[in-house]
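Each residue of the sequence shown is one higher than the one before, starting from 3 at the first, in my numbering. Ideal Cβ placement from N, Cα and C applies to all residues, glycine included. Take a look at the structure below.
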Amino acid sequence: MRRASIQRYHVAHDHKPPFKKTQLKPHLKTSWCIPSEQNGAFVAAMEDVLSVYARPYDKNRPVICMDEKPFQLLSDILEPLPIKNGKPVREDFEYLRNGTCSIFLFTEPLGGWRHSEAFSRRTKIDWAHRIRWLLNEQYPKAEKVVLVMDNLNTHTISSLYDAFPPDEAFCLAQRLEIHYTPRHGSWLNIAEVELAAMTAQCLGKRRIPDIVTMNSELTVWYTRRNQSQKGVDWQFTTADARIKLKRLYPLIV
Numbered sequence: 003m004r005r006a007s008i009q010r011y012h013v014a015h016d017h018k019p020p021f022k023k024t025q026l027k028p029h030l031k032t033s034w035c036i037p038s039e040q041n042g043a044f045v046a047a048m049e050d051v052l053s054v055y056a057r058p059y060d061k062n063r064p065v066i067c068m069d070e071k072p073f074q075l076l077s078d079i080l081e082p083l084p085i086k087n088g089k090p091v092r093e094d095f096e097y098l099r100n101g102t103c104s105i106f107l108f109t110e111p112l113g114g115w116r117h118s119e120a121f122s123r124r125t126k127i128d129w130a131h132r133i134r135w136l137l138n139e140q141y142p143k144a145e146k147v148v149l150v151m152d153n154l155n156t157h158t159i160s161s162l163y164d165a166f167p168p169d170e171a172f173c174l175a176q177r178l179e180i181h182y183t184p185r186h187g188s189w190l191n192i193a194e195v196e197l198a199a200m201t202a203q204c205l206g207k208r209r210i211p212d213i214v215t216m217n218s219e220l221t222v223w224y225t226r227r228n229q230s231q232k233g234v235d236w237q238f239t240t241a242d243a244r245i246k247l248k249r250l251y252p253l254i255v
C-alpha cells in the first residue's frame, strides 16, 4: 500500500520525486534583512540612524548601540577527553540543558568601548536596570546618551517607569536620546556587529554550563577586544543608501 501511494504521487508529478535529499536543510532558515519593495517607514528609520552615525565624537553626548542575544546553557554529562598529540578536545554527544540566559551588549563605536553581561531574563525590568547602569555608572557625566537599538517591546521609556519610582524614571528618561533601527534593518545596529564578533571569538560551539562561567568568559572577551579594537569606522552613509537602496524609497509623483 505504501509503495502504491508513492507511485501515484510520482505519476501526478511527471515521475519526479517530491524533493531532492539535498533540498532538505531544516537547520537553515530564511531571513529578510531588507524589505523587497518601497518602504517609507524603513528608509525614515534608516536615515535617522545613519545621521546619528555621521555625528562627530562628543563625550557629552556619546553614541551607544545596544542589543541582546539569547543563549542556551549546556553542560557535559561526561568529562571531555583531553587534548592528545595536538588533536582537539573530543566532546561527548550527550549534554545537559541548564536553561537559557540573555546576553546584553553595549558598545560605543567611536569610543572603542564595549561591555557584555549575561542575565537569567530579558524582561522590561532587566532592560531598565541595564539602562540605569549605563547612565549612572558608565556615563554619569554625559548630558545625554544617544542610544541606538531595535524595536523590541521592552526597549521603551515606559519600562523605566515599570522598574523605578516616577522621579527616578523621569530623570533617567531625560538623559536618553533614543533612535530605533527599522524593522528588518538590524544590520544597521553596530551592536549586532559586536555580537557577531562575540559569537565567533568567545562563544562558538562551546558548551557553557552556567551564567557565572558565561560572565567570566564574556569579561575576558570584551576586555581583550577593548584593548585591541579601538573603534568602529562606519562607512555606509545616507548618500550611499539613496543610491544602493534606491528601490526602497517611495516614488513621488
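Within the same chain, Ala171 come within 7 Å of Tyr163 by CB-CB distance, once the 5 residues on both sides are set aside.
In the three-state DSSP reduction, Phe44 falls in the helix class (H, G or I).
Here DSSP, grouped into helix, strand and coil, assigns Thr201 to helix.
Glu110 counts as buried, since no fewer than 16 other beta carbons sit within 10 angstroms of its beta carbon.
Spanning the alpha carbons of Ile105 and Lys126 requires a straight line of approximately 14 Å. A distance below 6 Å between beta-carbons, with the five flanking residues on each side excluded, links Lys71 to the following residues of its chain, in chain order: Ile105, Leu197.
In this structure, Phe121 sits away from Met68, with a CB-CB distance that is not shorter than 7 Å. A contact between stretches requires three or more CB pairs, one per stretch, nearer than 8 Å, and the region 40-53 fails this requirement with the region 127-136.
Gln231 sits in coil when the DSSP states are folded into three classes, being neither helix nor strand. With distances taken between CA atoms, Pro58 lies nearest to Leu112 out of Tyr182, Leu112, Thr215, Glu49. Residue burial annotation: Asp152 is buried, with at least 16 other C-beta atoms found within 10 angstroms of its C-beta.
Each residue's CA atom was taken as its position, placing Asn138 and Arg249 some 43 Å apart.
For Tyr163, the enclosing alpha helix (DSSP H) starts and ends at 159-165.
Following the DSSP letters along the chain, one finds Phe172 inside the alpha helix (DSSP H) bounded by residues 168-176. Thr102 has Gln74 as its beta-bridge partners, per DSSP. In the three-state reduction of the DSSP assignment, Arg249 falls in the helix class, which pools H, G and I. Boundaries of the beta strand (DSSP E) around Ala120: 115-121.
Under the three-state reduction of DSSP output, Val195 falls in the helix class. Annotated three-state conformation of Asp242 is helix, per DSSP. When DSSP states are grouped into helix, strand and coil, Asp60 belongs to the coil group. Between the beta-carbon of Leu178 and that of Arg134 there is about 11 Å, and that puts the pair past the 8 Å contact cut. For His181, the beta-bridge partners assigned by DSSP are Val150.
In the DSSP assignment, Ala130 falls within the alpha helix (DSSP H) that extends over 126-135. Under DSSP, Thr109 takes part in a beta bridge, and its partners are Cys67, Arg116. The three-state secondary structure of Ile213, taken from DSSP, is helix. Ile213 and Ile36 have their C-alpha atoms some 34 Å from each other.
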